[in-house]
Every structure is written in C-alpha cells, then in structure tokens.
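Right, one structure below, let's go through it.
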Amino acid sequence: MNIGIIGLGTVTQGFIEILQEKNIWLQEKYEQKIKIVVVKDIQKGNMYNPNGIDLNKLLEKLNNKELITDASISEDTDVSSVEEVDLIVEATYSDYTTGDPAYTFIKKALSRGKHVVTTNKGPIALHFNELNKLAKESNVFLQYEGTVLSGTPTFSLIEECLAGDEILKIRGILNGTSNYILSKMSEGDSFDSALRTVQDKGYAEADPTNDVKGYDARGKIAILSHKVFGVDLGLDSILTKGIDSISIEEVNAAKKAGKNIRLVGSLEKKGDFLEGKVAPEPLSTTDALSNIDGVTNAIEITTKYLGKLMITGPGAGKLETGYSVFSDVLSILKKEKL
Ligand SMILES: NC(=O)C1=CN([C@@H]2O[C@H](COP(=O)(O)OP(=O)(O)OC[C@H]3O[C@@H](n4cnc5c(N)ncnc54)[C@H](O)[C@@H]3O)[C@@H](O)[C@H]2O)C=CC1
Ligand SMILES: N[C@@H](CC=O)C(=O)O
C-alpha cells in the first residue's frame, strides 16, 4: 500500500514513527508493506519517492525543523494526483467554517479513487454525508477514527459492539485542551500558562480559540450525531459555550463545593428531537466525568439494554493520535484483503 501525506504536523509525525516501528510486523502478519511515497506540507516542504521515502531521514529533518526540499516534486503537486498513491492521510488544520483546505483535498482524493484517512474534524463535521457518499460511489474507504477521542477506539465500539442496542444519550469530555486547562487551574495554575503548555505539547488546535471556545467539542458532537444517531444536526443548532470566560475563582468555588468544572458535550434524544450541547458544568465528584483529568477524554453512553457505559482514554497527542491513523490504515488494509 502506497501512502501520500498532506500536512506534516504532530499527528502525522506520530503516525510515521509508529509505521517505522510496525512495518516488519505488518509484513509478517498481513504480508503487506506500507510505503509513504509522497509528503506535502505548506510550511515544511515536499518529498517524493515512488519506491518509498526514507522515513528516518524524513523524521530527522522534521525533528531538526529543517525545510524538506526535493527537486523531483513541484510545490504545486496535488498529492492525490500522484499515480502510485493508494491512500491519502490528510492532517492539516481543522476549519469549522468551510472545512477547507482539507475538504477539497479529501473530495479530490476520493473522486480519484484513493482511500482517505483523516483526523481533521472540520470537513467531517460539516460535510459528513457528502464525503461518505462520495467514498461509497468511488468504492473506496473514508476513515476518521482520530476525529473523536484521538486514538481511543470509539467508532468501532459504537458501530460494532453497540450495533444491536439503542443509544439514548451521550455525554462526554471531548476536548483535551480545555480539560487540561481546567485541571491545571484547579491545581493553582493560570489559564494562560496551562494553555501555553498544551500548545507546546501539540494538543491544542493550530488556532486554540477552537478549543477554548468549545468549537472543537461542538465539531465532535456533530460527528457523533451522524455516527450514533444518523442525524445531521448542523453546527449552528448545537448550543455552544467554551471555557474561555471561566475564572480561577469559579474553579476554586466549585472545588470548595466538592465539584470540578468540566467542558461537557452532550447529545440526547428527546422524543423525535436530538439535542446537542457543549458547555462548562460544575460536576459533583460522584459524576464519573468529573474525575477525568488532563488531556484524557471520556464518553458516557446510555443505552437501552446496557444502561451506562464509559469509554475513556487519551484525547490528543502525537503517538495517541498517530495511532488512530495507523489503526484506520490497518482497518482499510484488512478490508481490502477480504
Ligand atoms: N494534535 C492532536 O492531538 C490532534 C489533532 N487532530 C486534528 O488533526 C489535524 C492535524 O493536527 P496536528 O498534527 O496537531 O496539526 P499541526 O498544526 O501540528 O500540523 C498541521 C500541518 O499541516 C500543514 N498545513 C496546513 N495547511 C496546509 C496545506 N494547505 N497543505 C499542506 N499542508 C498544510 C501545516 O504546515 C502543519 O505542518 C488537525 O485537523 C487537528 O484538529 C485530531 C485529534 C488530535
Ligand atoms: N485540540 C484537540 C485535539 C484533538 O482533537 C483537543 O485538545 O482535544
């Protein structure tokens, strides 16, 4: 399988590191070798090798923040037009207004018959139906496990294990950056200093307004409304409030009352109506979501037959999200072999 990558940031660097470690295992277990044949980043440069890019060299350049220059690929090469490419990994920034540039990259790739794996929430939240339909018509797979809870398996559990049950309600901590900031504030850190740390760790969005104003969690709620309830809720109909106006005094007052403030995203069936919401809430420490700390995410699912169950795990990070890309690529590889 030959891969083309668009966007060489935190996530794809994590993916490349995992791929390097797992390629021999892939050959032994699935008789498949995965090669990355083309990479393109608007700031970091481009590289092309139809026989497979030397990943050690690529990672070295990225780690040393060196510009990647390669005479064999022009700056305006469209990665999905590269003939050898079977699958595109798209990991540019998430935009919640149009979904671009990722939306256009994904559309082009699918219509050219390339599989797509993305961790980009914008195009999936905004254009879920269109992109999934296009993938079906083109007879290729579109996978986006990393868009919700990064590498923590979420969609597979919902789609496989809960397929015969009926999900009534979902509530969760869906933005690692906000949760990290709230956790640190309750330990006495300031909002700004906690935000700087999450940016340095690569958890925050390129524009962290999307995290702290609740837009990232809203995008994830929109994706879950499609996945879980088959409903196109639309971003505008999801009542959204972020953590940007939460003061240290509010965090401390909640703590004194035995509560933790958490940014909660929810989806609940109310008759024929599906209500979507994102807002900070003071949660009693007896509430499982209250004790989710740092960059960890969680989703509490209420179903007809099981009652309440919870998925929890990392919600952001280099290897954590890189793993979601690896697991999506692996899942496509397995489906192709069937
Ligand atoms: N960092 C994380 O933990 C997680 C990130 N995500 C999503 O995954 C995507 C990637 O995230 P990161 O790697 O953290 O972002 P990043 O900001 O580290 O990397 C994005 C890269 O895309 C490049 N880029 C931007 N526009 C481009 C264009 N038009 N053509 C080619 N390259 C372009 C940038 O130069 C940058 O190197 C985002 O959409 C993010 O929301 C999802 C889950 C977790
Ligand atoms: N910025 C996001 C990254 C994952 O989607 C977050 O903090 O959760």
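The sequence shown maps to residues 0 to 337 in my numbering. We treat Cβ as the ideally placed atom computed from N, Cα and C, and that holds for glycine.
- Boundaries cannot be given for MET0, as no beta strand (DSSP E) includes it and DSSP labels it neither H nor E.
- PHE272 sits in a strand when the DSSP states are folded into three classes.
- With 16 or more other Cβ atoms from the protein chains shown falling within 10 Å of its own Cβ, ARG261 counts as buried.
- DSSP, read as helix, strand or coil, puts ASN296 in strand.
- Taking non-hydrogen atoms of ligand 1 into account, the C-beta of LYS226 is found less than 7 Å away from none of them.
- GLY314 is positioned such that its CB atom lies closer than 8 Å to that of ASN296.
- The secondary-structure analysis by DSSP pairs HIS114 across a beta bridge with LEU86.
- Secondary structure at LYS64: coil, using DSSP grouped into helix, strand and coil.
- Set against 7 Å, the gap from the CB of PRO100 to the closest heavy atom of ligand 1 is smaller.
- Look at which beta carbons fall closer than 6 Å to any heavy atom of ligand 2; those residues are SER149, ASN174, GLY175, THR176, TYR202, ALA203, GLU204, ASP210, ASP215, GLY314 and ALA315.
- Contact holds between the stretch 169 to 181 and the stretch 261 to 278, because three or more Cβ pairs, one in each stretch, are under 8 Å apart.
- When the five nearest sequence neighbours on each side are left out, the beta carbons in the same chain lying within less than 6 Å of the beta carbon of PRO281 are those of ALA253, LYS258 and ILE260, in order along the chain.
- Rounded to the nearest whole angstrom, the C-alpha separation of LEU273 and VAL10 is 32 Å.
- Not one heavy atom of ligand 1 is found less than 7 Å from the C-beta of VAL328.
- Here the C-alpha atom of ILE87 lies approximately 50 Å from the C-alpha atom of LYS255.
- Spanning the alpha carbons of ASN128 and SER244 requires a straight line of approximately 34 Å.
- Taking the Cβ atoms as the reference, GLY98 lies roughly 4 Å from GLY121, within the contact range of under 8 Å.
- DSSP places VAL139 outside both helix and strand once states are collapsed to three, so it counts as coil.
- Between PHE154 and LYS226, the C-beta gap is smaller than 8 Å, which places the two residues in contact.
- When DSSP states are grouped into helix, strand and coil, GLY314 belongs to the coil group.
- Listed in chain order, the non-local C-beta contacts of LYS39 below 6 Å within the same chain comprise ILE5, ASN45 and VAL78, local neighbours out to five positions each way being set aside.
- Annotation: the stretch 23 to 65 contains the following complete segments of the beta strand (DSSP E) (minimum length 3 residues), in chain order: 34 to 40 and 44 to 47.
- For a cut-off of 8 Å, the C-beta gap from SER110 to SER137 is around 6 Å, short enough to register as a contact.
- Of the other Cβ atoms in all chains shown, 16 or more fall within 10 Å of the Cβ of ALA108; this residue is therefore buried.
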